[in-house]
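Chains as they are written, first to last, in our numbering: chain P, 674 to 1017; chain U, 31 to 348.
Ideal placement from N, C-alpha and C gives every residue a C-beta, glycine not left out.
Some notes on the structure that comes next.
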């Protein structure tokens, strides 16, 4: 390898580490093209699809899983994985409603405490991954079991209903033409976009996920970064859990089943790599909207419910397989030239 | 330290001993705190409960060994029971033929997993996750949400619930599968190749071994083991259901990892997975014997899983 080559490589790396979150890479263009194409196709086959009302409806229905996916994005970019999100969302819903019903805590305080619960559980996840060195897959799987059990224990096994005005109105609250969940999720997406792209801890996540050892040598506080990524995930998941409680007017211990895999699919569809260091907010948002659109169209046309899973699975495989072809050669060549790290 | 890195055999050995120690601690703790726990019958029932999940975990161990993962096994269990139900009840064929078709289901799904990972270059997690969603959909489509009773089919029920002497048949199959796969991994060329791919796939390829063929074989085997477990599930429940296997993929991974298999490939033993399966089963059985309510069991399982991993890490270092 001559000097010129090395220089080229390192400038490639520099460009990549410099601003991946701001550059629309080919994968995001591809995703946008797919979204627009499918929207047109769906609009042609069903006159109800391309109405403002229905499009807003799709956005509204995508918000909760998108919030969770944005949290998952932080974890996956840092090279981790969080299987506890579904159970945590359900636990947060139950905790919030039970605090209001049984302890008489006012709704806004209960919601705040619910968000704190989510952040705290995320922190615990981060602690067991970064300090106790338990593989992320196992420690968040254990946390999933703990959260689900705790949700059942606190609720007594049944959905706890609530009639609190504030909580119940959250999901349907109109803000101009948009609903509150859309505005909250958009705000979260913009904040995550700025955080991952423009701030030091956000950039550190890409570095830690891309090459943990190199990040350590660069002086990045790896453990703190991992801790932060799981905490963000817990916090955003809690927001999703509270919106769910608002939607169904209850804290349900069975809510959020399977969310972890849906959120991971969305983040990966959006261009993230499960090995860390890649992924962006734009792709994640587009992927969530894409899945929302497909599910909406399937139910509009009266297609059977089982087809949703099939389409989602097929799409996931197809897009990831396509991405591997389309992904810029330069990027993949320097990546494959690096030694495979034993630890993620 | 140096020696352990240079000699993987001692390393693996130690890890297994660590898990065995944890298992013994668990058994001792439950024996002291519950007088119903320590009996031959209870131990047989513990192994019996470990058997079906354990069989899936054996296949999973091979997949994890080559640095992959198979999230589709739970859906394969579901689809296997559904196929059995279809071919036994709706298009009546001979029981053995129906079982063969059921096994072929798993083989096909496993082969498709291999195809996606090897030919399309899709990361294993994504390929098998997508496959899980699709297979689950197909199972739901076939049954349309209904369950089919299989209690009239004696062979199937016998496989899931029968005894050979004092030993339950699933236990017998589990032990046979464990021994077979252990020998395959440790005493055959194929096993050496599997371990080589897990250690360093690129180096193995450069050495001239057919890495792709090994990947195909391992994913197919995982599918086969999952549908073998599926037949046992159908027998134990006397029923075909599209929900029969939900959540089993995570349990199988837990069992394999508890047994010392690394999620990053290269490390793992079949005997470790056997111990891991027993451990999970002992845990559930012990908590039931102590009269712990189900909700607490979920919390306790999570806590003990973390504790076992911490203890394992501690014992391995110490």
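Per-residue contacts from residue i into chain P (C-beta, under 7 Å)
| i | result |
| --- | --- |
| residue 343/U | 806 |
| residue 96/U | Per Cβ cutoff of 7 Å: no residues; residue 96/U is ~13 Å from chain P at best. |
| residue 280/U | 814 |
| residue 339/U | 807, 811 |
Where residue i falls, given that 16 or more other Cβ within 10 Å makes a residue buried
| i | result |
| --- | --- |
| residue 253/U | buried |
| residue 174/U | exposed |
| residue 213/U | exposed |
| residue 888/P | buried |
| residue 237/U | exposed |
| residue 285/U | buried |
| residue 51/U | exposed |
| residue 783/P | buried |
| residue 844/P | buried |
| residue 330/U | buried |
| residue 709/P | exposed |
| residue 797/P | buried |
| residue 317/U | buried |
| residue 223/U | buried |
| residue 328/U | buried |
| residue 58/U | exposed |
| residue 809/P | buried |
| residue 232/U | exposed |
| residue 103/U | buried |
| residue 849/P | exposed |
| residue 713/P | exposed |
| residue 240/U | exposed |
| residue 970/P | buried |
| residue 1010/P | Because the pLDDT at residue 1010/P is just 39, under 50, the model does not fix this residue reliably, and the value given afterwards should be weighed accordingly. Under this definition residue 1010/P is an exposed residue. |
| residue 901/P | buried |
| residue 126/U | exposed |
Anticipated Cβ contact below 8 Å, residue i with residue j, distance rounded
| i | j | result |
| --- | --- | --- |
| residue 257/U | residue 110/U | 4 Å |
| residue 758/P | residue 862/P | That belief does not hold up - the Cβ atoms of residue 758/P and residue 862/P are roughly 17 Å apart, past 8 Å. |
| residue 704/P | residue 943/P | 7 Å |
| residue 913/P | residue 741/P | 5 Å |
| residue 774/P | residue 835/P | 6 Å |
| residue 746/P | residue 928/P | 21 Å between Cβ atoms; not a contact. |
| residue 823/P | residue 924/P | With 8 Å as the limit, residue 823/P and residue 924/P do not qualify as a contact, their Cβ atoms being about 12 Å apart. |
Minimum C-alpha distance to residue i - residue among the options
| i | options | result |
| --- | --- | --- |
| residue 343/U | 54/U, 113/U, 287/U, 266/U | 287/U |
| residue 737/P | 924/P, 911/P, 956/P | 911/P |
| residue 966/P | 720/P, 706/P, 833/P, 727/P | 727/P |
| residue 277/U | 100/U, 55/U, 53/U | 100/U |
| residue 298/U | 221/U, 321/U, 242/U, 104/U | 221/U |
| residue 935/P | 991/P, 700/P, 986/P | 986/P |
| residue 48/U | 289/U, 90/U, 334/U, 331/U | 289/U |
| residue 980/P | 172/U, 119/U, 69/U, 76/U | 172/U |
| residue 1021/P | 805/P, 855/P, 821/P, 806/P | Within the shown structure, residues of chain P are numbered from 674 to 1017, placing residue 1021/P beyond reach of any answer. |
| residue 84/U | 341/U, 323/U, 291/U, 282/U | 282/U |
| residue 891/P | 879/P, 715/P, 739/P, 933/P | 879/P |
| residue 893/P | 762/P, 851/P, 874/P | 874/P |
| residue 65/U | 315/U, 207/U, 98/U, 300/U | 315/U |
| residue 168/U | 107/U, 98/U, 192/U | 107/U |
| residue 22/U | 828/P, 876/P, 805/P | What is shown of chain U runs 31 to 348, which leaves residue 22/U out entirely. |
| residue 947/P | 964/P, 750/P, 837/P | 750/P |
| residue 941/P | 865/P, 989/P, 723/P | 989/P |
Residue i: contacting residues in chain U (beta-carbon distance under 7 Å)
| i | result |
| --- | --- |
| residue 979/P | 167, 170, 171 |
| residue 941/P | 156 |
| residue 893/P | Within 7 Å Cβ-Cβ: nothing; residue 893/P doesn't reach chain U, min ~22 Å. |
| residue 834/P | Those do not exist, as residue 834/P stays about 19 Å from chain U at its closest Cβ, beyond 7 Å. |
Closer than 8 Å at the beta carbon, the chain U residues around residue i
| i | result |
| --- | --- |
| residue 742/P | Per Cβ cutoff of 8 Å: no residues; residue 742/P is ~15 Å from chain U at best. |
| residue 994/P | 146, 150, 151, 152 |
| residue 982/P | 163, 164, 166, 167, 170 |
Chain U residues whose Cβ lies nearer than 9 Å to that of residue i
| i | result |
| --- | --- |
| residue 816/P | 332, 336 |
| residue 985/P | 160, 163, 164, 167 |
| residue 947/P | 153, 155, 156 |
Residues that residue i contacts on chain P, provided the C-beta gap is smaller than 8 Å
| i | result |
| --- | --- |
| residue 326/U | 822, 826 |
| residue 287/U | 808, 810, 811 |
| residue 329/U | 818, 819, 822, 823, 826 |
Under 9 Å from the C-beta of residue i: neighbouring residues of chain P
| i | result |
| --- | --- |
| residue 90/U | Chain P residues near residue 90/U: none, gap ~12 Å exceeds 9 Å. |
On the three-pair Cβ rule with 8 Å, is the stretch 127–145 of chain U touching the stretch 159–168 of chain U? yes
Is there contact between the stretch 303–310 of chain U and the stretch 112–121 of chain U, where contact requires at least three CB pairs shorter than 8 Å? no
Assess, as a yes-or-no matter, whether the stretch 739–759 of chain P is touched by the stretch 769–785 of chain P under the definition of 3 or more beta carbon pairs within less than 8 Å. no
Are at least three pairs of beta-carbons, each pair with one atom in the stretch 309–326 of chain U and one in the stretch 64–75 of chain U, less than 8 Å apart? yes
Does the contact criterion of 3 or more C-beta pairs under 8 Å hold for the stretch 918–925 of chain P versus the stretch 830–847 of chain P? yes
Decide yes or no for the touch test of the stretch 114–123 of chain U against the stretch 84–93 of chain U: beta carbon pairs closer than 8 Å, at least 3 of them. no
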